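K.L.:
Here the sequence shown is numbered in UniProt numbering, starting from 5 and rising by one per residue. Virtual Cβ for every residue (Gly too), placed ideally from N, Cα, C. Only a predicted model underlies this, so the values are computations on that prediction, with no experimental measurement involved. Pasting a structure below so you can have a look.
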Amino acid sequence: RWSVDKYVDDQDSYPQISQAADLLINNEVVAFPTETVYGLGGNAENDEAVAKIFAAKGRPSDNPLIIHIAKEEQLNAFVEKIPEKAAQLMKQFWPGPLTLIFKKKAGSLSDKATAGLSTVAVRMPDHPVALAIISAAGLPVAAPSANRSGRPSPTTAEHVWEDLNGKIAGLVDGGPTGVGVESTVVDCTEFIPVILRPGGVTKEQLEAVIGEVSVDPALVDKGEAPKSPGMKYRHYAPDAPLTLVNGTREYIQELVDKKKAEGLSVGILTTEENLGFYRADYVIACGKRADLNSVASSLYDVLRKFNNTNADVLFSEMFPQEGVGHAIMNRLMKAAGHRVINS
Ligand code: TXA
Ligand code: MG
Numbered sequence: 005r006w007s008v009d010k011y012v013d014d015q016d017s018y019p020q021i022s023q024a025a026d027l028l029i030n031n032e033v034v035a036f037p038t039e040t041v042y043g044l045g046g047n048a049e050n051d052e053a054v055a056k057i058f059a060a061k062g063r064p065s066d067n068p069l070i071i072h073i074a075k076e077e078q079l080n081a082f083v084e085k086i087p088e089k090a091a092q093l094m095k096q097f098w099p100g101p102l103t104l105i106f107k108k109k110a111g112s113l114s115d116k117a118t119a120g121l122s123t124v125a126v127r128m129p130d131h132p133v134a135l136a137i138i139s140a141a142g143l144p145v146a147a148p149s150a151n152r153s154g155r156p157s158p159t160t161a162e163h164v165w166e167d168l169n170g171k172i173a174g175l176v177d178g179g180p181t182g183v184g185v186e187s188t189v190v191d192c193t194e195f196i197p198v199i200l201r202p203g204g205v206t207k208e209q210l211e212a213v214i215g216e217v218s219v220d221p222a223l224v225d226k227g228e229a230p231k232s233p234g235m236k237y238r239h240y241a242p243d244a245p246l247t248l249v250n251g252t253r254e255y256i257q258e259l260v261d262k263k264k265a266e267g268l269s270v271g272i273l274t275t276e277e278n279l280g281f282y283r284a285d286y287v288i289a290c291g292k293r294a295d296l297n298s299v300a301s302s303l304y305d306v307l308r309k310f311n312n313t314n315a316d317v318l319f320s321e322m323f324p325q326e327g328v329g330h331a332i333m334n335r336l337m338k339a340a341g342h343r344v345i346n347s
């Protein structure tokens with residue numbers, strides 16, 4: 005396990021960068037920070053390396069991985085063609101928290117990495133450590149979030165350690181990640197691009213560059229099968245059952261009091277603004293409501309914190325469906341198994 009406090013453009017003073025790259029070249033798996041969450045990287049061209057990623061995570065093999073690159077030229081080896089709108093999005097948002105789905109060049113990359121699909125998901129992360137490792141390895145790097153499947157994604161090296169200690173060849177510690185929720189996944193194989201997973205880049209930001217963008221109906225209506233295989237799995241769930249409450253803090257307090265009367269231990273996910281208001285066994289603030297980026301940034305850490313409590317049931321406030329609020333609510337709804345109480 006290595007620590008990177010600060011990356012300067014001199015790989016010799018950061019041997020962990022080249023050690024991580026060597027492991028990737030040798031088809032071992034290594035966790036490293038990106039600007040969204042920590043990723044578990046492996047050589048996307050090698051079946052064995054990719055199999056190690058799935059094994060370490062306990063991930064179902066029908067859920068394809070995102071391929072991480074450091075330079076646009078890397079796309080030529082495995083992407084059939086780059087549609088005009090995708091090119092515009094790349095210019096505006098790469099490196100950054102945006103994953104684009106392209107038609108895959110047949111015979112390129114490990115079919116295990118793309119779960120046998122004819123498409124491939126790609127992104128260029130906006131993190132100096134991730135970019136340095138990918139460049140030094142000179143490979144397309146398959147990297148899902150570095151958590152055990154079903155657990156909240158890791159936003160610190162400690163989270164990765166909790167989940168994958170003993171299961172991976174290395175972990176590069178670059179401190180806490182910034183964005184806190186995963187990249188936005190956009191299917192660019194359709195004329196009107198489709199958001200398959202809301203994330204760090206918002207719909208509004210995408211539309212400002214390429215005009216109309218649609219949203220996978222499965223994200224809105226639970227009845228539809230999602231187009232992104234990963235979206236159908238239970239995910240992010242804390243150990244105790246979580247319920248989202250669409251109501252005032254007074255109403256949330258009433259719900260808590262009822263559970264307390266039943267002898268249960270209760271946790272509340274709130275924000276700094278309301279921290280002093282509630283009486284419960286565990287009251288944890290997830291950023292500031294007035295700044296949704298701060299909520300996104302601490303969301304997974306807070307979900308993990310509840311696992312270190314003895315809470316029997318958890319309640320959470322809800323967040324506005326605007327900007328990064330879409331990604332926050334998407335993850336919270338999954339964590340809650342879609343349980344919502346309306347006042
Ligand atoms: O921010 C992120 O995207 C992080 C960091 C590490 O880069 N990575 C990440 O990877 O979240 P993962 O594997 O946890 O999520 C990948 C998502 C899954 O929902 C998967 O189903 C979807 O992308 N995906 C991958 N390839 C796809 C494809 N060809 N078509 C549709 N969805 C795809
Ligand atoms: Mg994940």
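Under the criterion of a Cβ to heavy atom distance below 8 Å, does Ser139 qualify as lining the ligand MG?
P.N.:
Ser139 Cβ: outside cutoff for every heavy atom of the ligand MG.
K.L.:
Along the chain, where does the alpha helix (DSSP H) that runs through Gly329 open and close?
P.N.:
Segment Gly329 to Ala339, the alpha helix (DSSP H) holding Gly329.
K.L.:
Hey, which residues come within less than 6 Å of the ligand MG, measuring from Cβ to any heavy atom, in chain order?
P.N.:
Residues with a Cβ closer than 6 Å to any heavy atom of the ligand MG, in chain order: Pro148, Ser149 and Ser157.
K.L.:
Measure from the alpha carbon of Lys188 to the alpha carbon of each residue in Phe195, Lys207 and Gly170, then state which is nearest.
P.N.:
Per the sequence shown, residue 188 should be read as Thr rather than Lys. When only C-alpha atoms are compared, the closest one is Lys207.
K.L.:
Leaving out five residues on either side along the sequence, give the residues of the same chain with a beta carbon under 6 Å from the beta carbon of Val164.
P.N.:
Here the set comprises Ala35, Tyr42, Ala150, Pro158 and Leu175.
K.L.:
At what residue ranges does the stretch 74-161 contain a whole run of the alpha helix (DSSP H), taking only runs of 4 or more?
P.N.:
Fully enclosed alpha helix (DSSP H) runs of 4 or longer: 88-97 and 132-141.
K.L.:
Identify, in the order they occur along the chain, each residue of the same chain with its Cβ nearer than 8 Å to the Cβ of Lys338, setting aside the five sequence neighbours on each side.
P.N.:
Excluding positions up to five away in sequence, the list reads Arg238, His239, Tyr240 and Ala241.
K.L.:
Assess contact between the stretch 72-85 and the stretch 218-225, defined as three or more Cβ pairs (one per stretch) separated by less than 8 Å. Is contact present?
P.N.:
No, they do not touch.
K.L.:
Would you tell me roughly how many angstroms separate the C-alpha atoms of Leu223 and Tyr286, rounded to the nearest one?
P.N.:
Spanning the two alpha carbons is a distance of roughly 31 Å.
K.L.:
Mind checking whether Gly259 and Val306 have CB atoms under 9 Å apart?
P.N.:
In the sequence as displayed, the identity of residue 259 is Leu instead of Gly. No, the pair does not count as a contact, with Cβ atoms beyond the cut-off.
K.L.:
Quick check: what's the CA-CA separation for Gly46 versus Arg152?
P.N.:
Going from the Cα of Gly46 to the Cα of Arg152 covers about 16 Å.
K.L.:
Going by DSSP in three states, Ile288 sits in which element: helix, strand or coil?
P.N.:
It is a strand residue.
K.L.:
Shortest alpha-carbon distance to Ile231 belongs to which of Asn30, Val185, Ala136 and Cys192?
P.N.:
The residue asked about is misnamed: residue 231 is Lys in this sequence, not Ile. Taking only the C-alpha atoms, the option nearest Lys231 is Cys192.
K.L.:
On the three-state DSSP scale, how would you describe Arg283?
P.N.:
Looking at Arg283 - three-state DSSP - the assignment turns out to be coil, as it is neither helix nor strand.
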